[in-house]
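Enquirer: One structure coming up, written as structure tokens, with questions to follow.
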Amino acid sequence: MQAIAEIADRISTISVSSTLKVSADADRLRRQGVDVVDFGAGEPDFPTPANIKQAAIEAINANFTKYTNAGGTPELRDAICQRHKLDFGTSYSASECMVTVGGKHAIFNLIQALVNPGDEVIIPVPYWVTYKDVVNYAGGTCVFVDTEETRGFEVTAGLIERHITPKTKLVIINSPSNPSGSVLSPEEFKKIFELTSRRGVFLLTDECYCQFVYEGQPFSIASAPGAKETIVVAGSLSKTYAMTGWRIGFALAPAAIIGAMMKLQSHSTSNPTSIAQKAAIEAMLGSQDSVPEMLAEYRRRRDFVVQRLLAIPGVSIAPPKGAFYAYPNISIAYRSGRIRNSLDFAAQLLAEHHVAVVPGEAFGTDEHVRISYATSMHELTRGLDRLHQFIDTLRV
Ligand SMILES: Cc1ncc(COP(=O)(O)O)c(C=O)c1O
1274 MQAIAEIADR
1284 ISTISVSSTL
1294 KVSADADRLR
1304 RQGVDVVDFG
1314 AGEPDFPTPA
1324 NIKQAAIEAI
1334 NANFTKYTNA
1344 GGTPELRDAI
1354 CQRHKLDFGT
1364 SYSASECMVT
1374 VGGKHAIFNL
1384 IQALVNPGDE
1394 VIIPVPYWVT
1404 YKDVVNYAGG
1414 TCVFVDTEET
1424 RGFEVTAGLI
1434 ERHITPKTKL
1444 VIINSPSNPS
1454 GSVLSPEEFK
1464 KIFELTSRRG
1474 VFLLTDECYC
1484 QFVYEGQPFS
1494 IASAPGAKET
1504 IVVAGSLSKT
1514 YAMTGWRIGF
1524 ALAPAAIIGA
1534 MMKLQSHSTS
1544 NPTSIAQKAA
1554 IEAMLGSQDS
1564 VPEMLAEYRR
1574 RRDFVVQRLL
1584 AIPGVSIAPP
1594 KGAFYAYPNI
1604 SIAYRSGRIR
1614 NSLDFAAQLL
1624 AEHHVAVVPG
1634 EAFGTDEHVR
1644 ISYATSMHEL
1654 TRGLDRLHQF
1664 IDTLRV
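Take this note's numbering: the last position of the sequence shown gets the number 1669, and nothing is skipped along the way.
See below:
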């Protein structure tokens, strides 16, 4: 029997995450002794703050090492609601909250709980890779909304309205955005919410990078009056508290949706790790000092990266207003004839100059690559020198 022929059809609706593939390629080179600069990983280079680590150590010593409620401990769910209220002025209660194994898992659960085969899901481009695959896995149809680089990739209510049909079930907004770093103004976000609620469509707001904004204040659309009925929030502790490996995320949504997600989670992962949940309570309710410290450092790096990219003739960039990614347009390199698309660009940059970036094709635009600046100034300097050199060698 050929194992490949036996794989269930629904697995063919998804592909390997390109961001993970880049990391694997870079890792392979590194293991061969190559000096790779890695701009691929979307992961803070900061350690998890000490108070959070200490809470986990105490949890282990107190033998808090057993199963918990599938959707997380009541204590953590309360803490998440409290943090969201303190940060954004929302008013969720524990029955409208669940803890998940990372923010990605919250998105997976939410989409599986909401989307029926044939339902349309509106996704602005460029998008975070996972949305597309998870919608496809649920049998839904992705409806992509193009945005413009010259307008900072900002999505507008007008653009979304043009794509709403009677089949639309959900609109996904990720602000600050991975990969472009674009940030929706609260005014435009409210217009999008008014539109979706008027048209009876759910709005999924992915708040993974919500604390990392360089202009204005962090904002959650879930604080808008009447938002709780049709808004579903996917949150993550991964980036805000440099906790990627701990795998703690959460969802805030109407209790009926949380109930459906919980049912699914109870038959897949069960609860997120008990120890990580204790650490997450400290993240939510303990000192928040590390967050502005990380933001200040990301801002410094953002300014440096933008300035270095703009110094490369022919390269353009919409300056990121949030998150920790730069998304330059490198299509000038395609004129050389040696490179046809962003996949070629990323592959040759890695093979010849040993810099890992993620091809824009993974995010729905083929003229760009994603650079993560969640890495040291030293690495940024080395990598951007090499990138500049690479594009110079391609000039015709
Ligand atoms: C836009 C966005 N949403 C959600 C996530 C999920 O993060 P995690 O599963 O580590 O919480 C990521 C991670 O890269 C992301 O970039």
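Beta carbons are placed, not taken as given, at the ideal position from N, Cα and C, and that holds for glycine.
Everything numeric in this text was worked out from a predicted model, so none of it was measured.
(1) May I ask you to check if the CB of H1651 is nearer than 8 Å to at least one heavy atom of ligand 1?
(2) Leaving out the 5 sequence neighbours to the left and right, which residues in its chain are closer than 6 Å to T1648 when beta-carbon positions are compared?
(3) Please list, in chain order, all residues of the same chain as L1227 whose beta carbon is under 7 Å from its beta carbon, the five residues on each side excluded.
(4) Please list, in chain order, all residues of the same chain as I1664 whose beta carbon is under 6 Å from its beta carbon, the five residues on each side excluded.
(5) Can you give me the start and stop residues for the alpha helix (DSSP H) that L1660 sits inside?
(6) Between the Cα of L1477 and the Cα atoms of A1591, E1331 and I1445, which residue gives the shortest distance?
(7) Taking just the CA atoms, how far does Q1561 sit from L1383?
(8) Check the C-beta distance from M1650 over to R1574 and give it rounded, since I have them as a contact under 8 Å.
(9) Following a CB-centred definition, is S1453 positioned closer than 8 Å to any heavy atom of ligand 1?
(10) Please report the residue range of the alpha helix (DSSP H) in which I1330 lies.
(11) Only counting the same chain, and skipping five residues up and downstream in sequence, which positions put a Cβ closer than 7 Å to that of V1628?
(12) Name the two residues that bound the continuous beta strand (DSSP E) containing E1614.
(13) Cutting at 7 Å between CB atoms, please list the residues of its own chain near A1430, excluding the five before and the five after it.
(14) The beta strand (DSSP E) with P1397 in it runs from where to where?
(15) Please report the distance separating the alpha-carbon of E1488 from that of E1434.
(16) Tell me the rounded alpha-carbon separation between D1419 and I1333.
(17) Quick check for students: name the residue ranges of the alpha helix (DSSP H) that lie wholly in the region 1440-1498, counting only runs of 4 or more.
(18) Quick one: does the C-beta of Y1482 sit closer than 8 Å to a heavy atom of ligand 1?
(19) Check the DSSP bridge columns for G1508 and list the partner residues they point to.
(20) Can you tell me where the alpha helix (DSSP H) holding S1547 begins and where it ends?
(21) Write down the C-beta distance between V1591 and V1578 rounded to the nearest angstrom, noting that I regard them as a contact closer than 8 Å.
(22) For the beta strand (DSSP E) containing I1605, name the first residue and the last one.
(23) Check the C-beta distance from S1450 over to F1426 and give it rounded, since I have them as a contact under 8 Å.
(24) Output the boundary residues of the beta strand (DSSP E) element that contains S1543.
(25) Taking the alpha-carbon positions, what's the L1583 to S1364 distance?
(26) Would you say V1408 and V1398 are within 9 Å of each other, going by their C-beta atoms?
(27) Could you give the C-beta distance for L1558 and E1369, rounded to a whole number, given that I count them as a contact under 8 Å?
(28) Measuring from the CB of L1349, is there a heavy atom of ligand 1 at a distance below 8 Å?
(29) Could you check what DSSP says for F1361 in three-state terms: helix, strand or coil?
(30) Assuming A1323 and E1555 form a contact by the criterion Cβ under 8 Å, report the distance between their Cβ atoms to the nearest whole angstrom.
(31) From the DSSP output, in three-state form, read off R1643 for me.
(32) Between which two residues does the alpha helix (DSSP H) carrying V1307 extend?
Expert: By the coordinates alone:
(1) no
(2) For T1648, same chain residues with a beta-carbon under 6 Å away, outside a window of 5 residues either side, are D1318 in chain order.
(3) Since the displayed the chain opens at 1274 and closes at 1669, residue 1227 lies outside it and no answer follows.
(4) Result list for I1664: I1585 and A1606, in chain order.
(5) First-last of the alpha helix (DSSP H) with L1660: M1650 to T1666.
(6) Checking every option, the nearest Cα to that of L1477 belongs to I1445.
(7) If I take the Cα positions, the gap works out to 28 Å.
(8) 7 Å
(9) no
(10) A1323 to N1334
(11) V1310, F1312, L1622, G1656, R1659 and L1660
(12) The question names Glu, but residue 1614 in the sequence shown is Asn. It is not in any beta strand (DSSP E) - N1614 carries neither H nor E in the DSSP assignment.
(13) E1461, K1464, I1465 and L1468
(14) E1393 to V1398
(15) 27 Å
(16) 48 Å
(17) 1459-1471
(18) yes
(19) F1523
(20) S1547 to L1558
(21) The sequence shown places Ala at residue 1591, not Val. About 13 Å; that fails the 8 Å criterion.
(22) From DSSP, I1605 is part of no beta strand (DSSP E); its letter is neither H nor E.
(23) 7 Å
(24) Looking at the DSSP string, S1543 is not in any beta strand (DSSP E), and its letter there is neither H nor E.
(25) 43 Å
(26) no
(27) Incorrect: roughly 19 Å between the Cβ atoms, too far for contact.
(28) no
(29) helix
(30) Not confirmed; about 10 Å, so no contact.
(31) strand
(32) From DSSP, V1307 is part of no alpha helix (DSSP H); its letter is neither H nor E.
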